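Worksheet: one structure, shown below.
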Amino acid sequence: AVRGFTEALLTDLRINAPHVQAHVVMPGHIGTSIVLNSAAILGHRPEDMTAADLDRMRQAAGRMGLDVSGVTDDELRGFMQVRGEAFRDGAPTTAEEAATIILDGVRQGRWRILVGDDAAVLDDRVRADPERAYDADFFDEMVGAGGMNLGL
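The working numbering runs 1288 ahead of the 1-based position in the sequence shown.
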């Protein structure tokens, strides 16, 4: 939707405001603390998780085929903390690298700015087979092919 809006905006700007530019940034996995910060803002920091929160997490894990019946509450909280840190620290593109790529793209006048090799792989795969982009196995295939690393 954002890309489509940007494409329409670009056309409008060329006609009505040629001095204004629009860019769409399509990032891959960028090493930020978004997982940890989102949890904190939503009241789901690992150390603050209630028994009900942990129960919902166990149910979600079960739906994904994971058996967490032998995992203690503290171990589950620890897993959530480690997962957030791994997302940040294990990313293929750092926040600093992403900023450089974005600013370079703007300076070069590119309207589509892909941030990270994984973003380019995703873009190529979606363009090659757009009908499958939202199929459950599409993401799994990307991970299996090495095109996506969530740092986990």
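Cβ atoms here follow ideal geometry from the backbone N, Cα and C, with glycine treated the same way.
Quantities reported herein were computed from a predicted structural model and do not represent experimental measurements.
Residue i, enclosing alpha helix (DSSP H) - first and last residue
{"i": "R1415", "result": "1405-1416"}
{"i": "E1335", "result": "Per DSSP, E1335 belongs to no alpha helix (DSSP H) and is neither H nor E."}
{"i": "A1387", "result": "1383-1395"}
{"i": "A1289", "result": "First-last for A1289: undefined, no H or E at that position."}
{"i": "L1364", "result": "1361-1377"}
{"i": "V1431", "result": "1424-1432"}
Same chain, Cβ closer than 7 Å to residue i, five either side skipped, listed in chain order
{"i": "D1411", "result": "M1314, L1402"}
{"i": "A1349", "result": "V1356"}
Inter-residue Cα distance where the pair is residue i and residue j
{"i": "E1419", "j": "R1413", "result": "11 Å"}
{"i": "V1339", "j": "M1368", "result": "Before going further, note that residue 1339 is Ala rather than Val in the sequence given. Roughly 14 Å between the two C-alpha positions."}
{"i": "T1382", "j": "I1389", "result": "11 Å"}
{"i": "R1291", "j": "R1415", "result": "13 Å"}
{"i": "R1400", "j": "G1358", "result": "47 Å"}
{"i": "L1301", "j": "V1409", "result": "29 Å"}
{"i": "A1327", "j": "G1366", "result": "14 Å"}
{"i": "T1299", "j": "I1318", "result": "30 Å"}
{"i": "D1336", "j": "L1330", "result": "11 Å"}
With 16 other Cβ atoms within 10 Å as the buried cut-off, status of residue i
{"i": "G1432", "result": "exposed"}
{"i": "A1386", "result": "buried"}
{"i": "P1306", "result": "exposed"}
{"i": "G1372", "result": "buried"}
Boundaries (first-last residue) of the beta strand (DSSP E) holding residue i
{"i": "V1312", "result": "1312-1315"}
Close Cβ partners of residue i (< 6 Å) along its chain, the five nearest in sequence each way excluded
{"i": "D1361", "result": "L1342"}
CB contact flag (residue i, residue j, <8 Å)
{"i": "M1345", "j": "L1324", "result": "no"}
{"i": "H1311", "j": "G1404", "result": "no"}
{"i": "A1407", "j": "G1316", "result": "yes"}
{"i": "R1376", "j": "T1320", "result": "yes"}
{"i": "Q1309", "j": "G1397", "result": "yes"}
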